[in-house]
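Below you'll find the structure, written out as structure tokens, and then a few comments.
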């Protein structure tokens, strides 16, 4: 069943309303996305620290802690500042297999001051799980998270 992204965006906005803390908002956003979307095995955030991404709040199995910019799906999304929608992660050059059960992935950069400060990473055990409609719906969710967080003064590199 396709996700109702309009409803999800409304729920996410309500959940984050009035809270500016990065950790709290990323934790609740990952929990809501994990509970709402079907056929996922990992939902979370990686935070940019210099030339690498560091594991942030997430839902799922243990994960890679540090990812160099430009490496794997997450590092590529952050380095290029482009959404990565990958139907089969095993075909992605330089894929980092944090969870062998993941077969498809979507990664969306988050911004502050025009620079990438984090990425939203979502994995599925199914091939071709993510479609253009997921890309658009999740982009709306990413923008809500960006706007809700106080990225300044939190130690996050921009």
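In our numbering, the protein residues as written are 836 to 993.
Cβ coordinates follow ideal geometry from the N, Cα and C atoms, glycine included.
It should be emphasised that the depicted structure is a prediction, and the values quoted were computed from it without experimental measurement.
Please state whether DSSP places residue 783 in a helix, a strand or coil.
Summary: the structure shown does not reach residue 783, with the chain confined to residues 836 through 993, and so no result is reported for it.
Going by beta carbon distance, what residues of the same chain come within less than 6 Å of residue 912, once the five residues before and after it are set aside?
These residues qualify, in order along the chain: 919, 942, 944 and 954.
Return helix, strand or coil for residue 930, following the three-state DSSP convention.
DSSP places residue 930 in coil when its eight states are reduced to three.
Applying the criterion that 16 or more other CB atoms from any shown protein chain within 10 Å of the CB defines a buried residue, is residue 923 buried or exposed?
So residue 923 ends up on the exposed side.
Would you mind reading off the limits of the alpha helix (DSSP H) that contains residue 850?
From DSSP, the alpha helix (DSSP H) with residue 850 extends over 840-851.
Mind checking whether residue 879 and residue 895 have CB atoms under 8 Å apart?
In contact: residue 879 and residue 895 (Cβ atoms closer than 8 Å).
Is the segment 837-853 close to the segment 964-983, with three or more CB pairs under 8 Å?
Because the criterion of three Cβ pairs below 8 Å is met, the segment 837-853 and the segment 964-983 touch.
Should residue 900 go down as buried or exposed, given a rule of 16 or more other Cβ atoms within 10 Å for buried?
Residue 900 should be labelled exposed.
Exposed or buried, residue 956, counting other C-beta atoms within 10 Å across all chains shown (16 or more means buried)?
Classification of residue 956: buried, given that the 10 Å Cβ count is 16 or more.
Please report how far the alpha carbon of residue 982 lies from the alpha carbon of residue 845, in whole angstroms.
Distance between the alpha carbons of residue 982 and residue 845 is about 14 Å.
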